[in-house]
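Undergrad:
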Amino acid sequence: MMDDLIRIEHLTKIYERGEVLALNDVSFTVKRGEFLVLLGLSGSGKSTLLRCINRLIEPTAGTIVFDGIDVTRASSRQLRQIRRRMAMIFQQFNLVKRSTVLTNVLSGRLGYVSPAASAIHKFSKQDIDMAMADLDRVGIPEQAYKRADELSGGQQQRVGIARALMQQPDLLMADEPVSALDPATSHSVMQHLETMNREDGVTVIASLHFLSLARRYGTRILALKDGEIVFEGLPTEIDEAKFKEIYGEEAEEVEVR
Amino acid sequence: MKKPKKSKSARRYSLLDRLAVLRPRLSAFMLDWASWGYVVYGVMYLLNKYWYLRYVNFYGRLTLPAWGWPVVILATFELAMLSHAFGQSIGLNLFGLKLLGSEYAPPRMSQRLRRYVALHLKLFLQPLALFGDRPLGMLLHDGERAGCMFQVAKIKDDLPPEKPRKWYLTYRGLCVAGLLGLTFWLGWKITAINLQMLVDRVGKSGHIWHDLVTPSFTYLTESVNERGHLYSITYYMMETIFMAFFATVSGAIVAFPLSFLGARNIMGFNAVGWLIYTLMRTVFNALRSIESILMAVLFAVWVGFGNPFAGALALFFHTIAALGKLYSEQVEAVDPGPLEAIAATGARRWQVVIYGVIPQIIPSYLAFTLYRWDINIRMATVIALVGGGGIGTLLFYFKNEVGRLDDAWNQVGAVIVAIVIIVWILDYISARVREKIG
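In order, the protein sequences belong to chains A and B. Last residue of the first sequence: 268 in the numbering used here, with the numbers rising by one and none dropped. Last residue of the second sequence: 549 in the numbering used here, with the numbers rising by one and none dropped.
(1) To the nearest whole angstrom, what separates the beta carbons of A/Ala33 and A/Thr59, a pair I think is in contact under 8 Å?
(2) Name, please, each residue of chain B whose Cβ falls closer than 9 Å to the Cβ of A/Leu106.
(3) Run through chain B and tell me which residues come within less than 9 Å of A/Met99, C-beta to C-beta.
(4) Whether or not the segment 193-212 of chain B and the segment 256-268 of chain B are in contact is what I'm after, with contact meaning three or more pairs of Cβ atoms, one per stretch, closer than 8 Å; do they touch?
(5) Compare the C-beta of B/Gly435 with all C-beta atoms of chain A and state if any pair is closer than 7 Å.
(6) Under 8 Å Cβ to Cβ from B/Gln471, same chain only, skipping five residues before and after it: list those, please.
(7) Could you tell me if B/Pro502 is buried or exposed, where buried requires 16 or more neighbouring beta carbons within 10 angstroms of its beta carbon?
(8) Have a look at B/Val523 and B/Val365 and give me their C-alpha separation to the nearest angstrom.
(9) By alpha-carbon positions, which one of A/Glu260, A/Leu224, A/Ala173 ends up nearest to A/Leu50?
(10) Would B/Ala529 and B/Met348 be called neighbours here (beta carbons separated by less than 7 Å)?
(11) Answer with buried or exposed for A/Val48, where buried requires no fewer than 16 other C-beta atoms within 10 angstroms of its C-beta.
(12) Can you tell which of B/Met406, B/Ser403, B/Ile401, B/Phe371 has the C-alpha that lies nearest to the C-alpha of B/Thr389?
(13) Check the Cβ of A/Pro126 against every Cβ in chain B and list those closer than 9 Å, keeping chain order.
(14) Please report how far the alpha carbon of B/Gly514 lies from the alpha carbon of B/Leu505, in whole angstroms.
(15) Report the neighbours of B/Tyr466 on chain A: residues whose CB is nearer than 9 Å to its CB, in chain order.
(16) The alpha helix (DSSP H) that contains B/Gln262, what's its start and end?
(17) Measuring alpha carbon to alpha carbon, tell me which residue in A/Leu183, A/Leu222, A/Arg226 is nearest A/Gly44.
(18) Helix, strand or coil: which one does DSSP assign to A/Ser38?
(19) With distances taken Cα to Cα, identify the nearest neighbour of B/Ile469 among B/Phe357, B/Phe367, B/Lys315, B/Ser361.
(20) What's the C-alpha gap between B/Arg545 and B/Ala358?
(21) What residues in its chain sit with their C-beta under 7 Å from that of B/Asn521, if we drop five residues either side in the sequence?
(22) Any beta-carbon of chain A closer than 7 Å to the one on B/Pro135?
(23) With 7 Å as the threshold, decide whether the Cβ of B/Gly248 is near any Cβ in chain A.
(24) Kindly say whether A/Leu162, judged by its beta-carbon, lies nearer than 7 Å to any beta-carbon of chain B.
(25) Name the two residues that bound the continuous alpha helix (DSSP H) containing B/Gly202.
(26) In the DSSP assignment, find the unbroken beta strand (DSSP E) run with A/Ser218 in it and report its ends.
(27) Whose C-beta lies closer than 8 Å to the C-beta of A/Arg109 among residues of the same chain, with five residues either side of it excluded?
(28) Show which residues of chain B have a CB atom less than 9 Å away from the CB atom of A/Leu67.
(29) Ends of the alpha helix (DSSP H) at B/Thr351?
(30) Is B/Gly248 helix, strand or coil by DSSP?
(31) Counting contacts by CB-CB distance shorter than 7 Å, is A/Gln102 in contact with chain B?
(32) Between the beta-carbon of B/Arg219 and the beta-carbon of B/Ala257, is there less than 7 Å?
(33) Strictly under 7 Å for the Cβ-Cβ distance: is A/Gln89 near chain D by that measure?
(34) I need the boundaries of the beta strand (DSSP E) containing A/Asp186, first residue and last residue.
(35) Which of helix, strand or coil does DSSP assign to A/Tyr26?
(36) Out of B/Asp485, B/Gly298, B/Leu203, B/Lys510, point me to the one whose CA is closest to B/Leu496's CA.
Okay, structure coming up:
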């Protein structure tokens, strides 16, 4: 099907060291333009799933097809070309703390630029203009020449988003993007993701902890428990019973406004 | 992963898996054996010192009759097994292993006895377990009846909480105290420490102390002595500083690229990466274990006795090894998050190094390099002892003139003062710079 951006079939990941089955025969598809939210407890396999998609973690078995290309069989050269089309943002922002904000944003371009120029930190005028424009878009143009660790958490995550924007991606994967942020900042970050999704047509897969955020931003929800899919459907379909199934009997729903 | 789920599919364990389980157990036992060997040796040595036996010779070496060796070796084996089964041996503690009965209860006395007996057989039969097809953790004699061996890290959450006891009430505390005590006692005897002698012979070196603290700076800047080949303290001091400077800078330049080859996280986990990593680390360790003064012996013969080039070369090679190892460890300690993020953008591996690793390691690299410069300056002052050039040349020249020159010790004093001042100044500078970077 042409409107499937990602098709995942029988994806399994076993961590050899701890003999842990992190993903157990997971299959689903993501359509173009979707905002898919992954729900589940810590350790349910959300991060592993996201990292398998761009092969930061090598899956044990199964296939991942991205826009018609088999990611799991890609050579390292092909993989780089696939990776630059799928951006990723992280819970801990994963910025290079001692580098400037601008350098961090520009590093999102590394998949495109000529290797020799990048070795001496040389970027083209267009790339730098683009980086400034992206920083402007996430609302922190004045921070460009500061060191990344001088910024607040919310600002750092926005740098992460700007870095993702630099890739001009088809897919954005967000691994608990707001878990380290306060509620107000969370919404501002989520809104940036929403804009990317609605206006640039970037497909988004985001793992979230709060059901309220998932209901507010997601167009579809996928819930994992112990490495298996336990729910797949629209945000409105999650009721009390489903919630307890995903999070366990003792869970209470917490609102983030 | 909070809730690990065991894979239910029956896995066949490879020989490597079995070895991985066996290795800590074997290492733990070897460690126990070695530590009991040390205790036995120490006790025999001390027995000999206080109550004369025949088994330790004049040089403090164990000289047993032919039948004695097997007896001692077997005895240490027995002791290791006893401590394994009945106490908590040092080895098991260090390797994070614990002997427990069913349901993680402490093993009963009968289980301990069984294990003790089984251990005797196990030493010979254990290797067979490598080829059998039992699940891991069920190696020979490691069963319900003789107590099981667990890795503490894996069962930490299931263990009943234990109230921490005072260190002198625990087996581990007593072991450490006992070994430390034995070591101190042995050391005292073996190194012939004699405080009485220190007091009695205080007059012998009195005049030297007097001369050293009244240094004579005749040769501070004067460049030629009566024989026409002695240079000034200032001259040799410059030689020393630049010797150390050259060795540190060029050593750091060479060590920088090598350090990435010696870092596990950069080299990846494939066979080629592992080979290069192991090779690099071996070279670093081998080169580092040769003190620069020993290398200077070689280079002094090579490029000429007293030639500062010899000293610079020796320090250079030692610096590569020392910095290479320290640098590699820094590379291994970087935050993996940014590397992951940069790899995810489609960057090549070396781009990840340039954009993700290098910014993170620069401060510690600079700090280590300055620290190494510090060490090199101090090494450069004594490397002349074997003909490596530098200020030490002057120091040992004057020391050898004792008896011929009236003020030889005063001159030595002057050289020492110069060394102290320079080392102190450079130490201060490097400390300030490190503070600034950190």
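Note that beta-carbon positions come from the ideal geometry of N, C-alpha and C, so glycine has one too. None of these values were measured; they are calculated from a predicted model.
TA: Result, derived from the coordinates:
(1) The residue labelled residue 33 of chain A in the question sits at position 22 within the first sequence. The residue labelled residue 59 of chain A in the question sits at position 48 within the first sequence. With a Cβ gap of about 4 Å, A/Ala33 and A/Thr59 count as contacting.
(2) Along the first sequence, one-based indexing puts residue 106 of chain A at 95. Under the 9 Å cutoff, chain B gives Gly448, Pro449, Ala452.
(3) For the purposes of this step, residue 99 of chain A is identified with residue 88 of the first sequence, where counting begins at 1. Chain order gives the chain B residues near A/Met99 as Glu451, Ala452, Ala455, Thr456, where near means a beta carbon separation below 9 Å.
(4) Under the 8 Å Cβ criterion, the segment 256-268 of chain B counts as touching the segment 193-212 of chain B, having at least three qualifying pairs.
(5) Translated into positions along the second sequence, residue 435 of chain B becomes position 324. Judged by the 7 Å Cβ criterion, B/Gly435 is not in contact with chain A.
(6) Locating residue 471 of chain B in the second sequence gives position 360, counting from the first residue. Val445, Asp446, Pro449.
(7) Taking the first residue of the second sequence as 1, we reach residue 502 of chain B at position 391. Note on identity: in this sequence residue 502 of chain B is Ile, with Pro being the wrong assignment. Result: buried.
(8) Position 412 of the second sequence, counting from 1, holds the residue named residue 523 of chain B. Position 254 of the second sequence, counting from 1, holds the residue named residue 365 of chain B. Their Cα atoms are separated by approximately 36 Å.
(9) Against the first sequence, residue 50 of chain A aligns to sequence position 39. The residue with the shortest Cα to Cα distance from A/Leu50 is A/Leu224.
(10) As a first step, residue 529 of chain B must be located in the second sequence, where it is residue number 418. As a first step, residue 348 of chain B must be located in the second sequence, where it is residue number 237. A contact, by the Cβ cut-off of 7 Å.
(11) Here residue 48 of chain A corresponds to residue number 37 of the first sequence, with the count starting at 1. Burial check for A/Val48: the Cβ neighbour count within 10 Å reaches 16 or more, so the residue is buried.
(12) Position 278 of the second sequence, counting from 1, holds the residue named residue 389 of chain B. Looking at the Cα atoms, B/Phe371 is the closest of the given residues.
(13) Counted from its first residue, the first sequence places residue 126 of chain A at position 115. The answer, in chain order, is Arg459, Trp461, Gln462.
(14) Here residue 514 of chain B corresponds to residue number 403 of the second sequence, with the count starting at 1. Here residue 505 of chain B corresponds to residue number 394 of the second sequence, with the count starting at 1. Per the coordinates, the alpha-carbon of B/Gly514 lies some 16 Å from the alpha-carbon of B/Leu505.
(15) Against the second sequence, residue 466 of chain B aligns to sequence position 355. Around B/Tyr466, the beta-carbon contacts reaching into chain A at under 9 Å are Val107, Ser110, Thr114, Asn115, Leu117, Ser118, Leu121, Ser129, His132.
(16) Here residue 262 of chain B refers to the residue found at position 151 of the second sequence. Where B/Gln262 is concerned, there is no enclosing alpha helix (DSSP H), although the beta strand (DSSP E) it sits in stretches over 259-262.
(17) Within the first sequence, numbered from 1, the residue matching residue 44 of chain A stands at position 33. A/Gly44 has its Cα closest to that of A/Leu183, out of A/Leu183, A/Leu222, A/Arg226.
(18) Within the first sequence, residue 38 of chain A is the residue found at index 27, counting from 1. Of the three classes helix, strand and coil, the one that applies to A/Ser38 here is strand, per DSSP.
(19) Sequence index remark: in the second sequence, residue 469 of chain B carries index 358 (1-based). Nearest to B/Ile469 by C-alpha distance, out of B/Phe357, B/Phe367, B/Lys315, B/Ser361, is B/Phe367.
(20) In the second sequence, the residue the question calls residue 545 of chain B occupies position 434. In the second sequence, the residue the question calls residue 358 of chain B occupies position 247. Each residue's Cα considered, the two are about 19 Å apart.
(21) In the second sequence, counting from the first residue as 1, residue 521 of chain B sits at position 410. Asp322, Thr325, Pro326, Ser327, listed in sequence order.
(22) Locating residue 135 of chain B in the second sequence gives position 24, counting from the first residue. Not an interface residue.
(23) Here residue 248 of chain B refers to the residue found at position 137 of the second sequence. Note that B/Gly248 has pLDDT 47, beneath the 50 cutoff, so the model's placement of it is unreliable and no number is given.
(24) Counting from 1 along the first sequence, the entry for residue 162 of chain A is found at position 151. Output row for A/Leu162: interface = no.
(25) Taking the first residue of the second sequence as position 1, residue 202 of chain B is located at position 91. Counted as a single uninterrupted DSSP element, the alpha helix (DSSP H) harbouring B/Gly202 occupies residues 201-205.
(26) Within the first sequence, residue 218 of chain A is the residue found at index 207, counting from 1. Counting along the chain, the beta strand (DSSP E) containing A/Ser218 begins and ends at 214-218.
(27) In the first sequence, counting from the first residue as 1, residue 109 of chain A sits at position 98. Correct list, in chain order: Arg158, Ala159, Asp160.
(28) Residue mapping note: residue 67 of chain A aligns to position 56 of the first sequence, counting from 1. Annotation: Cβ neighbours of A/Leu67 in chain B (cutoff 9 Å, chain order): Glu451, Ala454, Ala455.
(29) Taking the second sequence and counting its residues from 1, the one referred to as residue 351 of chain B is at position 240. Per DSSP, B/Thr351 belongs to the alpha helix (DSSP H) from 344-372.
(30) Translated into positions along the second sequence, residue 248 of chain B becomes position 137. With a pLDDT of 47 at B/Gly248, under the threshold of 50, the modelled position of this residue cannot be trusted, and the question is left open.
(31) Reading the first sequence from its first residue, position 91 is the one you call residue 102 of chain A. Not one beta carbon of chain B lies nearer than 7 Å to the beta carbon of A/Gln102.
(32) For the purposes of this step, residue 219 of chain B is taken as residue 108 along the second sequence, with counting starting at 1. For the purposes of this step, residue 257 of chain B is taken as residue 146 along the second sequence, with counting starting at 1. Not closer than 7 Å, so no.
(33) Protein chains in the displayed structure are A and B, and chain D is not among them.
(34) Here residue 186 of chain A refers to the residue found at position 175 when the first sequence is read from its first residue. 182-186 is the extent of the beta strand (DSSP E) around A/Asp186.
(35) By 1-based counting over the first sequence, the position of residue 26 of chain A is 15. Of the three classes helix, strand and coil, the one that applies to A/Tyr26 here is strand, per DSSP.
(36) For this step, residue 496 of chain B is matched to residue 385 along the second sequence. Looking at the Cα atoms, B/Lys510 is the closest of the given residues.
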